[in-house]
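Chemist: Dropping a structure here in structure tokens format, bear with me for questions.
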């Protein structure tokens, strides 16, 4: 029940590329902004039961970049599909059926074209915390947001982001989600 008590949790729907060009897309519910001047973010990723580290963490460390894609109600099925543990040589973009667009500052980093907001994130550091098991051990990744993309269609006439129109989703406990309306 521990994770079910901290709700709702924003979803870090993160995309990255390995050094050999394999594109990765995965949702993380331990994601947060840290500050705004300059904008910085963090996410944490548990290891797999066999002790392997997550592809997103490795890709960020090795290439220096990743992107955040806003997870919305309309994209909820693609978010769930991208959560599947695939072999490192397979891309979740293909399984989730989403369209790729690419970052400006790190053109090797894909972003979900259907997502209305993206952050281009430059990797800063990883802090590792050892848990009581392989799955309990986490990597906390810190990054600076270098560029923000906002689709003009989700802006109000006065230039603010229309959150009720976007309907972002957030993680609750277990396999439950909520939507911001």
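In the numbering used here, the protein residues as written are 2 to 182. The beta carbon of each residue, even a glycine, is placed where N, CA and C say it ideally should be.
Report, in whole angstroms, the separation of the C-beta atoms of residue 69 and residue 120, which I expect to be a contact under 8 Å.
Modeler: 4 Å
Chemist: Return the chain-ordered list of same chain residues with a C-beta closer than 6 Å to the C-beta of residue 149, the five sequence neighbours on each side being excluded.
Modeler: 120
Chemist: Mind reading off the beta-carbon distance from residue 60 to residue 17? Whole number of angstroms is fine, and I expect it under 8 Å.
Modeler: 4 Å
Chemist: Out of curiosity, what's the CA-to-CA distance linking residue 3 and residue 132?
Modeler: 15 Å
Chemist: Ignoring anything shorter than 3 residues or poking outside the stretch 79–115, list the beta strand (DSSP E) runs there in chain order.
Modeler: 101–103 and 111–113
Chemist: Please say whether residue 146 and residue 41 have beta carbons closer to each other than 8 Å?
Modeler: Cβ distance < 8 Å, so residue 41 and residue 146 count as in contact.
Chemist: Near residue 85, which residues of its chain fall below 8 Å by C-beta distance, leaving aside the five closest residues on each side in sequence?
Modeler: If we look at residue 85 and ignore the five residues flanking it on each side, its Cβ neighbours are 93 and 96.
Chemist: Can you grab the Cα-Cα spacing for the pair residue 77 / residue 130, in whole Å?
Modeler: 30 Å
Chemist: Taking 8 Å as the threshold, find out whether the stretch 161–172 comes into contact with the stretch 4–11 through three or more Cβ pairs.
Modeler: These segments touch.
Chemist: Please state if the CB of residue 64 and the CB of residue 112 are separated by a distance shorter than 8 Å.
Modeler: no
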